[in-house]
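In the working numbering, the protein residues as written are 100 to 315.
So the structure is just underneath, and the comments pick up after that.
Next comes the structure, spelled out in structure tokens:
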């Protein structure tokens, strides 16, 4: 939003006189863990001077006003008299099936309930601005050649939690951020230190041809 205030509308991608900054200076905004704060159309217009980076399941970029409205609608559906006892049943079934191989019948029951709530999740969603990149991680198996690298590259060759860091461009921002992604790391992923560590790993891999350890 600050970039929009600073930019010169008559000379795109440079600072304006009103910005109180030196005018006509090239302007590009890099943001990390950016909230969903723009309509899709405005976010698309900003692609030429805004780059947003999202760390995997980071909750902040996905928690827009539209998402909160959807959650409220789902809560209203649960409290409706026609669905009396449904919340308790969902909770009890979830506990009963946790970490178990569930039957198709049980999974179909959850899918039907999801579709029941899905019809109420149609509020307009805001999205992160500009070109959006998503950082993801993938396990590096012990059989990988990276485990044979020198200790200066990998501090612990036997680290079970070593990850490969992947940077993906999000081409369908509206679809990607139309729902809240629930994960155990959804709050942890927003920590600035995680952004710093993962981007540092990417930098070393790209510019120094190194593989660095990360436990994220």
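Virtual Cβ for every residue (Gly too), placed ideally from N, Cα, C.
The beta carbons of residue 288 and residue 129 sit no closer together than 7 Å.
Inter-segment contact for the segment 192-209 and the segment 266-275 is absent: fewer than three beta-carbon pairs are separated by less than 8 Å. In this structure, the alpha-carbon of residue 237 lies about 24 Å from that of residue 277. Remark: C-beta atoms of residue 131 and residue 232 do not approach each other more closely than 7 Å. Rounded to the nearest whole angstrom, the CA to CA distance from residue 152 to residue 280 is 16 Å. Secondary structure at residue 266: strand, using DSSP grouped into helix, strand and coil.
Taking C-beta separations shorter than 7 Å and ignoring five residues to either side along the sequence, the partners of residue 124 in its chain run 113 and 114, following chain order. Under the three-state reduction of DSSP output, residue 294 falls in the helix class.
Less than 7 Å separates the beta-carbon of residue 301 from that of residue 266. Annotation: residue 160 to residue 138 spans about 13 Å, alpha carbon to alpha carbon. Looking only at 100, 141 and 133, the smallest Cα-Cα distance to residue 126 is reached by 100.
Listed as beta-bridge partners of residue 230 by DSSP are 150. For residue 273, the enclosing alpha helix (DSSP H) begins and ends at 272-275. In the three-state reduction of the DSSP assignment, residue 223 falls in the coil class, being assigned neither a helical nor a strand state. Going by C-alpha positions, residue 188 is about 40 Å away from residue 297. Residue 292 and residue 184 have their alpha carbons spaced roughly 43 Å apart.
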